[in-house]
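**Student:** I am attaching a structure below and will ask some questions about it afterwards.
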Amino acid sequence: MSPAPLSDRILRAFLWIAAFSLACGVFLSLTLLFRSLPPTAPVAIGYVTIARYSKLRDYLGASLFFLLVPPLTIWLERVFARAMPRRFGAALLFTVPYFFAPLFYLTTGKVGWILLLPVALSYAGPRLLAFVETRRWLRELCRRELRAYHALVLTEGLSWILFRYLVTGRRIAHIPTLFLETVFVFLFLAFFWVAAVLIARIVYLTFGQQTEDVFRRVAAGALPLVLLPLAAVILVPFPYPRIAVIVALLVSALVALRLRNPLAPRTAWALCAYAIVPGLLYLISYASTAQLSQWIDLFHRGESLGPASDYLRGKVPFRDVFALHGMLEDGLLDAWLMELFGRSLDVAIARSVVIGAFLGVSIWFLGIVVFESMSLALLSVAMGAWTTAENDRTFFQVAAVALFWNALRRRSRASATFSGIFAGAAIFFSYEIGVFTVAGGLGAALLVWIASKRAPWNGLAPHVAAIFFMLGVVLGAAPFLIYLAMRGALGAFFEASFVTIPHIIDAVWSLPFPDLVSTFRVDLNLHTLADFVLWEKFHLVVSPLTIAVAAVYLIQRWLRRRLDTLDFALLALTVFATIAQRTAFGRAEFRHQYFAAFLIGPMLVLLGVLLARALRTLWRNGSDGSRAIDTGTRAFLATLVVCAAVVVGVLFWIPDLVNARINDLVRYGPRVMHAHREAQAEEVQWRITDVSATIRELTPRGEPIFDFSNQPAFYFFAGRPNPTRFYQVPILSPRDFQAETIRALERARPKVVLRRSPELFDQFDNVSNDIRAQAVSAYLDDTYRFHRAVRGVELWTRRADARPRAVADYLRLIHLPPEKELVSGGRVRLVFPAVGSLSGLGGSYWQSDLTLHNPLREAIPLTLRYVAGDTAIDRRLTLAPQQTIRWADVAHGLFGVQGAVGTLWIDHREGRVPVAVIQTYDVAHGGRASVEQPLSSRDAATAATTSAELVVVGLPGNANERRINVGVVNVGNIPATFRISARTRTGATIGRSVESGVPEDQVWFVTNIEDALGVKLDETMSVRITVVAGTGVGFATVVNPGGDSEFIAAIPAQQQ
19 MSPAPLSDRI LRAFLWIAAF SLACGVFLSL TLLFRSLPPT APVAIGYVTI
69 ARYSKLRDYL GASLFFLLVP PLTIWLERVF ARAMPRRFGA ALLFTVPYFF
119 APLFYLTTGK VGWILLLPVA LSYAGPRLLA FVETRRWLRE LCRRELRAYH
169 ALVLTEGLSW ILFRYLVTGR RIAHIPTLFL ETVFVFLFLA FFWVAAVLIA
219 RIVYLTFGQQ TEDVFRRVAA GALPLVLLPL AAVILVPFPY PRIAVIVALL
269 VSALVALRLR NPLAPRTAWA LCAYAIVPGL LYLISYASTA QLSQWIDLFH
319 RGESLGPASD YLRGKVPFRD VFALHGMLED GLLDAWLMEL FGRSLDVAIA
369 RSVVIGAFLG VSIWFLGIVV FESMSLALLS VAMGAWTTAE NDRTFFQVAA
419 VALFWNALRR RSRASATFSG IFAGAAIFFS YEIGVFTVAG GLGAALLVWI
469 ASKRAPWNGL APHVAAIFFM LGVVLGAAPF LIYLAMRGAL GAFFEASFVT
519 IPHIIDAVWS LPFPDLVSTF RVDLNLHTLA DFVLWEKFHL VVSPLTIAVA
569 AVYLIQRWLR RRLDTLDFAL LALTVFATIA QRTAFGRAEF RHQYFAAFLI
619 GPMLVLLGVL LARALRTLWR NGSDGSRAID TGTRAFLATL VVCAAVVVGV
669 LFWIPDLVNA RINDLVRYGP RVMHAHREAQ AEEVQWRITD VSATIRELTP
719 RGEPIFDFSN QPAFYFFAGR PNPTRFYQVP ILSPRDFQAE TIRALERARP
769 KVVLRRSPEL FDQFDNVSND IRAQAVSAYL DDTYRFHRAV RGVELWTRRA
819 DARPRAVADY LRLIHLPPEK ELVSGGRVRL VFPAVGSLSG LGGSYWQSDL
869 TLHNPLREAI PLTLRYVAGD TAIDRRLTLA PQQTIRWADV AHGLFGVQGA
919 VGTLWIDHRE GRVPVAVIQT YDVAHGGRAS VEQPLSSRDA ATAATTSAEL
969 VVVGLPGNAN ERRINVGVVN VGNIPATFRI SARTRTGATI GRSVESGVPE
1019 DQVWFVTNIE DALGVKLDET MSVRITVVAG TGVGFATVVN PGGDSEFIAA
1069 IPAQQQ
């Protein structure tokens, strides 16, 4: 007996899978009834009884699965075998819908989706196939020359879906999962297409007009629908969206009725490929990124805002402003736009979004000129989504690549010139992108010329393309060169761009390539391997691997003299992508590898097309070209392609990125209207407001300030100029630049310097600014003193008696620190809440002694800061290994302050913790000293958290004349408010409460808390410190009649 054909065996396997899937769907649907089962009887105390969980649900579910699913699978297989069509295609459409039954349970949990939808799809699929095969008019409607009109209908349907997303702010699916959303999107697109076909067929049956002519008129007439999403982006909130849709449909019907000569097929294709789809892509990119975050990045956003503020004051690029990325990107374009639209942050934000949204459009056009296929161009855009989706710098290079390949393929000198114009302009927008683009264009022309010596090439001669490309570079760069020459900065531009930046960039900005081998050498298992593949590490090597695979393929094809048009396109893309990797390998971290991979998506699509072409040839003609391959090999190849598609989707995070894009899209309206405020955005906005207000109080209008905290946006928000050329401390770190900075600061003598960033911008790449710019830091220490901290930003003011050393003396302090000097996690602050040297009640005199000890075998650099009211004094020291230092009366002896009580802050690097002890005692009466340990963030409470109160317990009873003082220190980055009250043993509030606001780093000290609260405290009571706003640590001191004192630290507690 001969075995059954392989196709029949495949269908039998699919049949069993379908039966098992539907049987599981039935079982899962029945488990929905288990929710009403009673919980396990509480005959004992355990996790199950406390959680009121029903173990009967587990046992009944397991029993039902074992008893129901196997026999039901067998019965369903027999039923399906009788109902399944005999033809292979129809049989696949019959069986595959049942595969999704368990998935529908996971995503919806609704019986109708689990059981009815697979049955409906299984019933409809074969009949739809039979309907198409038996209707000649429908098959003719799907001819190749009519595909452009089908594309028009689908883009019009997509326009309505996009419009719905924007005006409703909701997904289509009732459950926010990508699987269901995809189903609904395709379903609505199918509705639009079916409606257009149905209208065409009804008109044919009623009036006798040709179906395809009516379909073409309907497709062209519905073009007003594509304007709906544009209107939704402009008008927020959109008024009367339902009326707008009705009006658009009526206008579409009127246009379709009045249209006598529908668009030609090529015109329809061009309209769709060159206008509608790019427009929709731009709107999607813009709407999903506009106002994406209300948080203002004071460092990265400041890279353009700070220089823009000074450009508006008359500074000149390169001569007065050191432009690292490019003069347009680093503020000049923002300054020009602000001159037109006003000095506003919104101008800078809109500029980056408006230009960045063109990146997806440029990738689309690249796909069009390479493949001349809208489906493959759309796939290129989707694959490009795993890289930076919107980037205003990379847009220029992708546009230049698309135009350059269009010039080579279509022999267009004008296209080569425009490609050069983009490259020339890119030099001044983003220096590295511009240089990479120029080098890529020349390199691509050279390699195409070399390849054309061994393979036929019918495009534009490479040397001609290179000549017109360079002509375009000159034309694109000429306006900016003229601008710089007119302002006397042309020499500075060439020196900075082609001498200084290449010389310092690696030392200043680069990072070592991450360790990728430790995963395989230490603790290799499935979890670590999955993390490597699915997360960032694998993506660090995807671009080099893709380029290497393309290079191997191209060299092999060149050696065999078999290069064709797609191979030449791959060659051009590979050259540009390879040169762009300089960015990724310079600053070797995921974000910049992501940034440099914008051409990898189209390259992967191109490699996939070449692979599909080879597989198609193998499928039809076999390996030797004489006969087709057998069915088993075809099945294997089909399985391989399906698995590869799934793997690519998972590896490149396509589902997650698409889902995130939809989420951002539907939130466009609330984001633009600022309907929801982000907590971090509020914090940063208050920081900007308060710091800027303090700067304006300390400096008159027009007087400079200096930012040594890597937050150059404050130049813009405070409206004060920068006396130097540098807006980032890492850039001024070279020796000559530090000398230039010190001289500029000494000439301008700004009254205010910003130091320290609560977001750790001053420790960029784990290197603090004090280490990066040691000479400048020492100069600031000599000539400025700490004034106050405003929401975490330290403001230093110039000393009246400042006498700086010679610049050469500061430069001698520059040394290369050991690797251990790298900051590990930031700086940590310890605080002693009450340290002083002052007279007290009853003739007492209190003083505090400080003891510091280094328990490590390496030195510990420390910063000690004493804050008492408006007085703030810094001291820096380094504890040698095993060294102990003691200061008697530390407030007076070390800081020179008497008659005050304040807080003593000790800053150290994480992991290098000194031993610190304060002893406070009454010198006049010879009292016993209290021994205090410093408090830290672990002892703090923060408002609006689970630990929003501090409690002081263990207070002594009503001893005669003993006094209890309570204090709170603001250890947060914002002004804080605290409330102190007393509680009984049951937690009831007794007496009155006192409340006060406390500035940053300050202490609120309440003397004799019993008088303040109006209650006598005993051993059973506690003092509660409620944090109304901010973060704080609390303490109490108990002073006995004999002068002995006791320090009691408050501990965090949950708010009652």
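Residue numbering for the sequence shown follows this note's numbering, beginning at 19 and increasing consecutively.
Where is the CB? At the ideal position from N, CA and C, for every residue including glycine.
1) How about Pro136 and Phe118: do their beta carbons lie closer than 8 Å?
2) State buried or exposed for Gln574, treating a residue as buried only when at least 16 other CB atoms are found within 10 Å of its CB.
3) Under three-state DSSP, which class holds Gly843?
4) Let me make sure I understand the geometry here. Which of Arg153, Ala483 and Pro296 has the alpha-carbon closest to that of Ser177?
5) Secondary structure at Phe735, three-state DSSP: helix, strand or coil?
6) Assign Glu982 to one of two classes, buried (16 or more other C-beta atoms within 10 Å of its C-beta) or exposed (fewer than that).
7) Who are the Cβ neighbours of Thr435 in its own chain at under 6 Å, not counting the five residues just before and after it?
8) Buried or exposed for Thr964, please, with buried defined as at least 16 other CB atoms from any protein chain shown within 10 angstroms of its CB.
9) If I follow the unbroken alpha helix (DSSP H) through Tyr304, where does it start and stop?
10) Apart from the five residues just before and just after Val1021, which ones in its own chain have a Cβ nearer than 6 Å to its Cβ?
11) Among the residues of its own chain, which have a CB less than 7 Å from the CB of Phe804, if the five just before and after it don't count?
12) How would you label Leu833, buried or exposed, when you count the other beta carbons within 10 angstroms and need 16 or more for buried?
13) Which residues in the same chain as Phe511 place their Cβ atom closer than 6 Å to its Cβ, once the five residues preceding and following it in sequence are excluded?
14) Quick check on DSSP: helix, strand or coil for Ile1066?
15) Assuming Val747 and Asn784 make a contact with CB atoms under 8 Å, what is their CB distance in whole Å?
16) Rounded to whole angstroms, what's the CA-CA distance from Arg27 to Trp313? Just pull it up for me.
17) Is the stretch 139-147 in contact with the stretch 252-266, if contact means three or more CB pairs nearer than 8 Å?
18) For the beta strand (DSSP E) holding Ala366, just list the boundary residues, first then last.
19) Sorted by chain position, which residues of the same chain lie with C-beta nearer than 6 Å to Ala407's C-beta, five sequence neighbours on each side aside?
20) Going by CA-CA distance only, name the one from Arg427, Ile522, Gly64 and Pro836 that's closest to Asp754.
21) Tell me whether Pro474 is buried or exposed, calling it buried when 16 or more other Cβ atoms sit within 10 Å of its Cβ.
22) Val1056 to Tyr863, Cα distance in whole Å?
23) The beta strand (DSSP E) spanning Val949 covers which residue range?
24) Which runs of the alpha helix (DSSP H), 4 residues or longer, sit entirely within the stretch 768-848?
25) So for His871, helix, strand or coil by DSSP?
26) Can you tell me whether Cys160 is buried or exposed, with buried defined as 16 or more other CB within 10 angstroms of its CB?
27) Within the same chain, show all residues whose beta-carbon is closer than 7 Å to that of Ala37, passing over the 5 residues directly before and after it, in chain order.
28) In terms of residues, what are the limits of the alpha helix (DSSP H) holding Pro688?
29) What does DSSP give as the partner residue(s) for Gln865 in the beta ladder?
30) Apply the 10 Å Cβ neighbour rule to Gln729 and answer buried if 16 or more other Cβ atoms are within range, or exposed otherwise.
31) Would you mind working out which of Thr1038, Glu967 and Arg580 sits nearest Ile1069, comparing C-alpha positions?
32) So, are the CB atoms of Thr995 and Gly1015 less than 8 Å apart?
33) When you compare only the Cα positions, how much space is there between Ala595 and Ala587?
34) Looking at the unbroken beta strand (DSSP E) that takes in Glu967, where does it start and where does it end?
35) With a threshold of 6 Å on Cβ separation, who are the neighbours of Thr125 within its own chain once the five nearest residues in sequence on each side are excluded?
36) Going by DSSP, which residues form a beta bridge with Tyr167?
**Tutor:** In short:
1) yes
2) exposed
3) Confidence in Gly843 is poor, its pLDDT being 47 and thus under 50, which makes the residue's placement too unreliable to answer from.
4) Pro296
5) helix
6) Checking the sequence shown, residue 982 turns out to be Ile, not Glu. Label assigned to Ile982: buried.
7) Phe486, Leu489 and Gly490
8) exposed
9) Val295 to Thr307
10) Pro851, Thr921, Gly985 and Val987
11) Glu812, Trp814, Arg883, Ala890 and Asp892
12) Sequence check: residue 833 is His here, not Leu. Label assigned to His833: exposed.
13) Phe336 and Leu502
14) strand
15) Rounded, the Cβ-Cβ distance is 14 Å, inconsistent with contact.
16) 59 Å
17) no
18) No beta strand (DSSP E) contains Ala366, which is instead part of the alpha helix (DSSP H) from Leu363 to Gly374.
19) For Ala407, the predicted model reports a pLDDT of 49, less than 50, meaning its position is unreliable; a value from the coordinates is still stated below. Within the same chain, Ala407 has no close Cβ partners at all.
20) Ile522
21) exposed
22) 15 Å
23) Ser948 to Glu950
24) 787-790, 792-801 and 825-829
25) strand
26) exposed
27) Thr91, Leu94, Glu95 and Phe98
28) Tyr686 to Val690
29) Ser855 and Tyr939
30) buried
31) Glu967
32) yes
33) 12 Å
34) Glu967 to Val970
35) Thr195, Phe197 and Leu198
36) DSSP output for Tyr167 lists no bridge partner at all.
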